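Trainee:
There are 2 protein chains.
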Amino acid sequence: MLRISKLTDYATLILAQLAGQPGRRATAAQLASETGLACPTVSKLLKQLHRQGLVQSTRGLHGGYLLGRPAAEISAVNILDAMEGPVALTECASHESHCCIEPTCAVGRAWRRVNLAIRRSLQDITLLELAGLGAGGAAPSALDRGFPVAVSTITVRGRREPL
Amino acid sequence: MLRISKLTDYATLILAQLAGQPGRRATAAQLASETGLACPTVSKLLKQLHRQGLVQSTRGLHGGYLLGRPAAEISAVNILDAMEGPVALTECASHESHCCIEPTCAVGRAWRRVNLAIRRSLQDITLLELAGLGAGGAAPSALDRGFPVAVSTITVRGRREPL
DNA sequence: GTCATATAGAACTAAAATAGTCCTACTTTG
DNA sequence: CAAAGTAGGACTATTTTAGTTCTATATGAC
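These protein sequence lines are chains L and C, in that order. Position one of the first sequence corresponds to residue 2 (this note's numbering), numbered consecutively onward. Position one of the second sequence corresponds to residue 2 (this note's numbering), numbered consecutively onward.
Quick look at the structure:
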C-alpha cells in the first residue's frame, strides 16, 4: 500500500552489506556480486549514496566505498531521504485555487500529520537493525512493542516481502 | 519519500466530501463538481470504493453514493488498502534463491516491522480527521503528541503538500 | 412498457515515473 | 602512462499510474 522503490530497497541492501564489514573498502563490483545486483545499478546507487553523504568513496586504484558513518547512526529516514529526496512541495503551493477548497486543504493537513508520524517511526530504525545486526543489549526500538499484527503490506516493487 | 498515489488522494477527497454531508445521497457527477475532479475519474473511484465496501451505492434514477459506515469508523489504512490493495507477497516468496541471502532477508524482516509501525499510525487516523471534521472533544489522536518537526515529505503525486 | 438517469464493470489509451544501461571524464597508484 | 577505480550525465526500455470510453444493468417516472 505504501511503497518503497526498488532502488531504495537495493540501496538498503548495499548499505547493509557495507555495515556487515565495517572498515573494509569495497568496490562497486564486489558489492554487486555480494548482493546479487547488477553492477551498473550498484554503481549508480553508490554514486547517489555518496552524493548524499551516506557513503565515503575513494577513487583510483584500490578505491572503493565505505560507510559514511557508523551503521548505528544511519536511520531508515536517512536512506529514504537520500534515495527518494525530500520530494516535497508541489503544485498546491502555486495553484491555490486548484486545491484549497475547504475540505481539500483539511485533507492535505491531515496527510501531513500522517507523514510526520511515519517519519517518526522511521527515525527509530537504524541501518544496524535493517541489516539484522541489531545490538541485542540496547533497548528494543519503539517498533518492537506489540503491534496489532496486521498483514504486512509495504511492498518493495516486485521483489520482496514474502508475508 | 513515501508516496500515496494521486487516485488514493482523490478518493480521500471524495470520501471527505461524503463525510461532510452525512445521509445525503450524492451522484458521481455531483461529487465531481464539488471536488473539482473529472467525472469519469470520480465515477471510477466510487466504483472501486464501493467494491471495497467503503461506500454504499444505489442504482437507477435518483441513485447515488453514501458513505458505507460513519466517517469515524473509516481509517486511513482502510482507504489506503481499498485503493492500493494489500499488494503483499511478491517474487521473494517463490524465488527464494534470489532474495534470501542472509542480509537480504534481515532487511526484509526489518522493512516489515517498519511497515507494521506505519500501519499502526494510519489506523489511528479516521476519515473524520482527514476531512477536517475531527471531533474536538475526543482525545487527540496519537499523532498529535509533539513530534520532532521534521520536514513533511509524503507527496501525493504531483498535486499536493505545500509544506 | 419504455425512456431517462444512474451505477457496474471491463477494456483500452496515454502519460509519467522507474529502472536499467552506456559512455565519457576524472583520480589514484604501480 | 596504463590499469583500476569512481563521477556524472544522457539515454532507453519497462512498468505503473492515470484517465477515457464503451457496454451492460438497475430503478423510477411517465
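Glycine is no exception: its CB is placed at the ideal position from the N, C-alpha and C atoms. It should be emphasised that the depicted structure is a prediction, and the values quoted were computed from it without experimental measurement.
Do S44 (chain C) and H181 (chain C) come within 8 Å of each other at the CB atom, strictly closer than that value?
Mentor: With chain C running from 2 to 164 in the structure shown, residue 181 (chain C) is simply not present.
Trainee: Under a CB-based cut-off of 8 Å, is V56 (chain L) close to chain C?
Mentor: Working through the first sequence from its first residue, we reach residue 56 (chain L) at position 55. Answer no: the Cβ-Cβ gap between V56 (chain L) and chain C never drops below 8 Å.
Trainee: Could you give the residue range of the beta strand (DSSP E) that holds L22 (chain L)?
Mentor: As a first step, residue 22 (chain L) must be located in the first sequence, where it is residue number 21. For clarity, residue 22 (chain L) is Gln in the given sequence; the question names Leu instead. Looking at the DSSP string, Q22 (chain L) is not in any beta strand (DSSP E), and its letter there is neither H nor E.
Trainee: Could you check how far apart the C-beta atoms of A72 (chain L) and L128 (chain L) are, in whole angstroms? I think they sit under 8 Å.
Mentor: Within the first sequence, the letter at position 71 stands for residue 72 (chain L). Within the first sequence, the letter at position 127 stands for residue 128 (chain L). At roughly 4 Å, the Cβ-Cβ gap stays under 8 Å, so A72 (chain L) and L128 (chain L) are in contact.
Trainee: Can you list, in chain order, the residues of its chain with a C-beta nearer than 8 Å to that of A151 (chain L)? Leave out the 5 residues immediately preceding and following it.
Mentor: Mapped onto the first sequence, residue 151 (chain L) falls at position 150. Residue placement at A151 (chain L) is flagged as unreliable, the pLDDT there being 26, under the threshold of 50; the coordinate-derived value follows with that caveat. Hits under 8 Å: none found.
Trainee: Using the three-state DSSP reduction, which class does Q124 (chain C) fall into: helix, strand or coil?
Mentor: By one-based count along the second sequence, residue 124 (chain C) stands at place 123. In the structure shown, Q124 (chain C) sits in a helix (DSSP, three-state: H, G or I).
Trainee: Would R25 (chain L) be called buried (16 or more neighbouring beta carbons within 10 Å of its own) or exposed?
Mentor: Within the first sequence, the letter at position 24 stands for residue 25 (chain L). R25 (chain L) is exposed by the Cβ-count criterion.
Trainee: Quick one: residues in its chain with C-beta nearer than 7 Å to the C-beta of L90 (chain C), no 5 flanking neighbours on either side, listed in chain order?
Mentor: For the purposes of this step, residue 90 (chain C) is taken as the residue at position 89 of the second sequence. Here the model assigns L90 (chain C) a pLDDT of 35, short of 50, so the residue's position is not dependable and the matter cannot be decided.
Trainee: Would you say V115 (chain C) faces chain L, with C-beta separation under 8 Å as the test?
Mentor: Indexing the second sequence from 1 puts residue 115 (chain C) at position 114. Yes, V115 (chain C) counts as interfacial toward chain L.
Trainee: Would you decide whether A30 (chain C) is buried or exposed? Buried here means 16 or more other CB atoms lie within 10 Å of its CB.
Mentor: Along the second sequence, one-based indexing puts residue 30 (chain C) at 29. Per the 10 Å Cβ criterion, exposed.
Trainee: So A77 (chain C) contacts chain L; which residues on that side make the cut at Cβ distance below 9 Å?
Mentor: Residue 77 (chain C) sits at position 76 when you count from the first residue of the second sequence. Result: A111, W112 and V115.
Trainee: Taking just the CA atoms, how far does A118 (chain C) sit from A132 (chain L)?
Mentor: Indexing the first sequence from 1 puts residue 132 (chain L) at position 131. Indexing the second sequence from 1 puts residue 118 (chain C) at position 117. Roughly 18 Å between the two C-alpha positions.
Trainee: In chain order, what residues of the region 2-18 of chain L put their CB closer than 8 Å to some CB of chain C?
Mentor: Against chain C - using a Cβ distance shorter than 8 Å - the residues of the region 2-18 of chain L are M2, L3, R4, I5, D10, T13, L14, A17 and Q18.
Trainee: Mind reading off the beta-carbon distance from G69 (chain L) to G54 (chain L)? Whole number of angstroms is fine, and I expect it under 8 Å.
Mentor: Position 68 of the first sequence holds residue 69 (chain L). Position 53 of the first sequence holds residue 54 (chain L). Indeed they touch by this definition, with Cβ atoms about 5 Å apart.
Trainee: Here's the rule I'm using: 16 or more other beta-carbon atoms within 10 Å means buried, otherwise exposed. How should H96 (chain C) be labelled?
Mentor: Here the question's residue 96 (chain C) lines up with position 95 in the second sequence. Below a pLDDT of 50, predicted positions are generally treated as unreliable, and H96 (chain C), at 39, falls in that range; no measurement from the model is reported.
Trainee: In the DSSP assignment, the beta strand (DSSP E) including Q53 (chain C) goes from what residue to what residue?
Mentor: As a working note, residue 53 (chain C) is residue 52 in the second sequence. No beta strand (DSSP E) contains Q53 (chain C), which DSSP labels as neither H nor E.
Trainee: What does DSSP give as the partner residue(s) for A72 (chain C) in the beta ladder?
Mentor: For this step, residue 72 (chain C) is matched to residue 71 along the second sequence. DSSP, once it has assigned bridges, lists no residue as partnering A72 (chain C).
Trainee: Is L81 (chain C) near the ligand FMN, going by C-beta to nearest heavy atom under 7 Å?
Mentor: Although the ligand FMN was asked about, the structure shown includes no ligands whatsoever.
Trainee: Could you check which residue in L:D10, L:Q124, L:G86 and L:A17 has the C-alpha nearest to that of V56 (chain L)?
Mentor: By one-based count along the first sequence, residue 56 (chain L) stands at place 55. Among L:D10, L:Q124, L:G86 and L:A17, the Cα nearest to that of V56 (chain L) is on L:A17.
Trainee: Using a C-beta to C-beta distance shorter than 7 Å, which residues of chain C count as neighbours of R122 (chain L)?
Mentor: Here residue 122 (chain L) refers to the residue found at position 121 when the first sequence is read from its first residue. Strictly speaking, residue 122 (chain L) in this sequence is Ser, with Arg absent from that position. In chain order: V115, A118, I119 and S122.
Trainee: Any beta carbon from chain C within less than 8 Å of G133 (chain L)'s own beta carbon?
Mentor: By 1-based counting over the first sequence, the position of residue 133 (chain L) is 132. Closer than 8 Å to some Cβ of chain C, the Cβ of G133 (chain L) qualifies, so yes.
Trainee: Whose Cβ in chain L lies nearer than 7 Å to the Cβ of E74 (chain C)?
Mentor: For the purposes of this step, residue 74 (chain C) is taken as residue 73 along the second sequence, with counting starting at 1. Near E74 (chain C) there are no residues of chain L at all, since even the closest Cβ is about 16 Å away, more than 7 Å.
Trainee: Can you tell me the Cβ-Cβ gap for L134 (chain L) and G21 (chain L), rounded? I've got them flagged as a contact below 8 Å.
Mentor: Mapped onto the first sequence, residue 134 (chain L) falls at position 133. Mapped onto the first sequence, residue 21 (chain L) falls at position 20. L134 (chain L) to G21 (chain L), Cβ: 7 Å. Contact.
Trainee: Going by the CB atoms, is the gap between I5 (chain L) and L46 (chain L) shorter than 8 Å?
Mentor: The sequence position of residue 46 (chain L) within the first sequence is 45, counting from 1. The sequence position of residue 5 (chain L) within the first sequence is 4, counting from 1. Cβ atoms of L46 (chain L) and I5 (chain L): not closer than 8 Å.
Trainee: So R120 (chain C) and V78 (chain C) are in contact, right, with Cβ under 8 Å, and what is the actual spacing, rounded?
Mentor: Numbered from its first residue, the second sequence carries residue 120 (chain C) at position 119. Numbered from its first residue, the second sequence carries residue 78 (chain C) at position 77. So it is a contact: roughly 6 Å between Cβ atoms.
Trainee: Count the other CB atoms within 10 Å of the CB of L19 (chain C); is the residue buried (16 or more) or exposed (fewer)?
Mentor: Numbered from its first residue, the second sequence carries residue 19 (chain C) at position 18. Buried, since its Cβ has 16 or more Cβ neighbours within 10 Å.
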